[in-house]
DNA sequence: GTTGAATACTTCAATATATAAAGCAATATA
DNA sequence: TATATTGCTTTATATATTGAAGTATTCAAC
């Protein structure tokens, strides 16, 4: 029975290690990508979101990026100064400002190809059909596990709880 | 055949969306966790690495975090000022500095329980055995796909290449 | 429709993050 | 023993980030 709890423990460790590798690789890569585009990482994220979403607003950017509106104002300032995005007053609500990407900004995004994403897409396409399906399912499950709002998890998971995992098979 | 390429395309989209959700959730959470520990996110990462690794050095921290040594010096300065870590001259190589966490710093880490990780561990423990195994396998595969150093991927993946994925079943 | 609260955004002041370049010791190499 | 390299810090500078305060607009309640 000790071996079984160890199995759970090992799997948790392995999955956390893999997760950290994913986080580290993508974060490190984001810097290179931003540098290639000639902007800072935070500015690049604004560009990416503004490029994808129609009618992006500072508030929406702040929420999406997890920073304050004040921060977004500064980031947008920098990008406006360089002609990468533009501020367009909203027609519907004059309190709002729509941040839209310029042709120049869109070009800058195209010119800095996201090699990491391309590498992923390439590798993914070469997987067997069932592997692809499994990967999507697993990633979505992990995202759900992390994202879950409805968490009635006890604030601290004790060592006892961890070792008494319910899948000791 | 069009349906098949669409299947690949959809799966790629789904997996990228799930990946972004994972990245976003963990990043947003890192800020809350740092705040709970009374430090900034960058400082917390130093604390976490120093806590896990024996004989951490500024160079090693810089590599691990993907920032310059100068940045690490500043971060360590802050943490030293607050008694969270200490600089200990290396015995082996007197150019090196070992950054070690203090009891106080270790306590600060314990006092700010990583709810996100706990949530993950809890949810993981409740999965069926085969699901756990699949998750670990998938995460490791994704980490490998992103991490791959041996990348002979063409610099830009064209739309044609994407649509002509090899798993159109 | 006038008042008052809420919303969206910006400005300001202060701190944190990040870097390159230059400098200093200690080590390695020749 | 010169000389180069390595590990780290200092300095100067730019960017990021925030809370708090301020402006303008909208909404809600009379």
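Chains as they are written, first to last, in the numbering used here: chain C, 1 to 169; chain A, 1001 to 1169.
Positions of the beta carbon are idealized from the N, C-alpha and C atoms, including for glycine.
Just so it is clear, the structure is predicted and the values come from calculations on it, not from any experiment.
Quick test of your reading: residue i and residue j, contact by CB under 8 Å. State the CB separation rounded to the nearest angstrom.
i	j	result
residue 40(C)	residue 58(C)	In fact, because the Cβ distance is near 17 Å, the residues do not count as touching under 8 Å.
residue 1049(A)	residue 1033(A)	Not confirmed; about 14 Å, so no contact.
residue 132(C)	residue 1141(A)	With 8 Å as the limit, residue 132(C) and residue 1141(A) do not qualify as a contact, their Cβ atoms being about 11 Å apart.
residue 80(C)	residue 90(C)	Actually they do not touch by this definition, with Cβ atoms about 16 Å apart.
residue 139(C)	residue 1019(A)	6 Å
residue 210(C)	residue 102(C)	A query on residue 210(C) cannot be resolved here, the shown segment of chain C reaching from 1 to 169 and no further.
residue 99(C)	residue 56(C)	5 Å
residue 125(C)	residue 38(C)	In fact, because the Cβ distance is near 30 Å, the residues do not count as touching under 8 Å.
residue 54(C)	residue 106(C)	Contact doesn't hold; Cβ gap of about 13 Å is too wide.
residue 143(C)	residue 1022(A)	5 Å
residue 1095(A)	residue 66(C)	With a Cβ gap of about 39 Å, residue 1095(A) and residue 66(C) do not count as contacting.
residue 134(C)	residue 1134(A)	6 Å
residue 1025(A)	residue 146(C)	5 Å
Let's see if you can read the secondary structure: which residues bound the alpha helix (DSSP H) around residue i?
i	result
residue 113(C)	Taken as a continuous stretch (DSSP letters only), residue 113(C) belongs to no alpha helix (DSSP H), as it is neither H nor E.
residue 49(C)	41 to 52
residue 139(C)	129 to 147
May I ask you to check if the CB of residue i is nearer than 6 Å to at least one heavy atom of the ligand GDP?
i	result
residue 129(C)	As presented, the structure is devoid of all ligands, the ligand GDP included, so that no description of it is given.
Quiz item: For the segment 27 to 50 of chain C, which residues have a CB atom closer than 7 Å to at least one CB atom of chain A, in sequence order?
Solution: If the cut-off is 7 Å between Cβ atoms, the segment 27 to 50 of chain C has 27, 28 and 31 near chain A.
Quiz item: Mind listing which residues of the segment 7 to 28 of chain C have their C-beta closer than 8 Å to chain A's C-betas, in chain order?
Solution: Against chain A - using a Cβ distance shorter than 8 Å - the residues of the segment 7 to 28 of chain C are 8, 11, 12, 14, 15, 16, 18, 19, 21, 22, 23, 24, 25, 26, 27 and 28.
Quiz item: Should the segment 112 to 121 of chain C be regarded as contacting the segment 64 to 82 of chain C, the criterion being three or more beta carbon pairs within less than 8 Å?
Solution: A contact is defined here as three or more CB-CB pairs under 8 Å, and the segment 112 to 121 of chain C fails this definition with respect to the segment 64 to 82 of chain C.
Quiz item: Can you list, in chain order, the residues of the segment 125 to 150 of chain C whose Cβ is nearer than 9 Å to any Cβ on chain A?
Solution: Residues are counted here when their Cβ sits less than 9 Å from a Cβ of chain A; for the segment 125 to 150 of chain C these are 125, 126, 127, 128, 129, 131, 132, 133, 134, 135, 136, 137, 138, 139, 140, 141, 142, 143, 144, 145, 146, 147 and 148, given in chain order.
Practice problem: Mind the definition here: the segment 1118 to 1137 of chain A touches the segment 6 to 20 of chain C only if three or more C-beta pairs lie below 8 Å; say whether that holds. | Solution: Yes: the two stretches touch, three or more of their Cβ pairs being nearer than 8 Å.
Quiz item: Curious, which full-length alpha helix (DSSP H) runs of at least 4 residues does the segment 1054 to 1096 of chain A contain?
Solution: Within the segment 1054 to 1096 of chain A, the complete alpha helix (DSSP H) runs of at least 4 residues are 1058 to 1065 and 1069 to 1081.
Quiz item: For the segment 88 to 122 of chain C, which residues have a CB atom closer than 9 Å to at least one CB atom of chain A, in sequence order?
Solution: In summary, the residues of the segment 88 to 122 of chain C whose CB is separated from some CB of chain A by less than 9 Å are 113, 115, 116, 117, 118, 119, 120, 121 and 122, in the order they occur in the chain.
Quiz item: In the segment 60 to 74 of chain C, which residues sit with their C-beta less than 7 Å from some C-beta in chain A, listed in chain order?
Solution: Listed in chain order, the positions of the segment 60 to 74 of chain C with a beta carbon within less than 7 Å of a beta carbon of chain A are 66.
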